[in-house]
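Quick note on this note's numbering: the sequence shown kicks off at 20 and runs consecutively.
Backbone N, C-alpha and C fix where the C-beta goes; we use that ideal spot for every residue, glycine too.
For clarity, every value in this text was computed on a predicted model and none was experimentally measured.
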Amino acid sequence: MNPYVMQVRPLPDHLLEIVFDNGEVRVFDVKPFLDRGDFSRLKRDDVWRTVRVVAGSVEWDGGLDLSYDTLYLLGVPLPQMGFHPLPEPDDHPSPGVAEPSPGYGGKARPD
Numbered sequence: 020m021n022p023y024v025m026q027v028r029p030l031p032d033h034l035l036e037i038v039f040d041n042g043e044v045r046v047f048d049v050k051p052f053l054d055r056g057d058f059s060r061l062k063r064d065d066v067w068r069t070v071r072v073v074a075g076s077v078e079w080d081g082g083l084d085l086s087y088d089t090l091y092l093l094g095v096p097l098p099q100m101g102f103h104p105l106p107e108p109d110d111h112p113s114p115g116v117a118e119p120s121p122g123y124g125g126k127a128r129p130d
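Below, the structure is given as structure tokens:
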């Protein structure tokens with residue numbers, strides 16, 4: 020079984036950024052669907068921006084929807100799209116970042 024959609028964000032050029040319940044982020048290109056019946060309404064920006072998550076899939080006003088299976092199987096993981104998620108912060112200082120000296124107790128040195 021494929022993961023469910025947790026979040027969706029409409030992007031320019033009829034792309035959707037989708038966060039799935041397994042933590043993956045994929046980009047789905049809706050353009051191939053825009054000439055198929057009612058999906059042509061998604062060419063209108065006011066309709067395009069109404070996208071939301073409903074029951075683990077995505078839906079637009081007027082009942083247009085795409086299943087989580089379609090979104091996951093045809094979606095492209097962010098790194099393959101040329102985007103890279105920011106790394107998670109950790110408790111380790113970055114190389115080259117000075118830590119306060121224990122002798123100063125983390126306070127600025129007197130002049």
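Contact belief for residue 38 with residue 87 at Cβ below 8 Å, rounded distance in angstroms: As a first step, residue 38 must be located in the sequence shown, where it is residue number 19. As a first step, residue 87 must be located in the sequence shown, where it is residue number 68. Their Cβ separation, rounded to whole angstroms, is 12 Å, which puts residue 38 and residue 87 out of contact at 8 Å.
Sequence-distant residues of its chain with Cβ nearer than 8 Å to residue 61 (five each side left out): To locate residue 61, count along the sequence shown from 1; it is residue 42. These residues qualify, in order along the chain: 33, 49, 52, 53, 67, 79, 83.
Residue 66, DSSP secondary structure in three states: In the sequence shown, residue 66 corresponds to position 47, counting from 1. In the three-state reduction of the DSSP assignment, residue 66 falls in the helix class, which pools H, G and I.
Residue 36 versus residue 28 - alpha carbon distance: Against the sequence shown, residue 36 aligns to sequence position 17. Against the sequence shown, residue 28 aligns to sequence position 9. Looking at the two C-alpha atoms, the distance is approximately 5 Å.
Residue(s) in a DSSP beta bridge with residue 136: Within the shown structure, residues of the chain are numbered from 20 to 130, placing residue 136 beyond reach of any answer.
Residue burial classification, residue 94 (beta-carbon count within 10 angstroms, cutoff 16): Looking up residue 94 in the sequence shown gives position 75. Result: buried.
Selection from 31, 40, 41, 47 that minimises the alpha carbon distance to residue 63: For the purposes of this step, residue 63 is taken as the residue at position 44 of the sequence shown. Of the listed residues, the one whose Cα sits closest to residue 63 is 31.
For residue 96, the nearest candidate out of 56, 81, 45 (CA to CA): By one-based count along the sequence shown, residue 96 stands at place 77. The shortest Cα separation from residue 96 among 56, 81, 45 belongs to 45.
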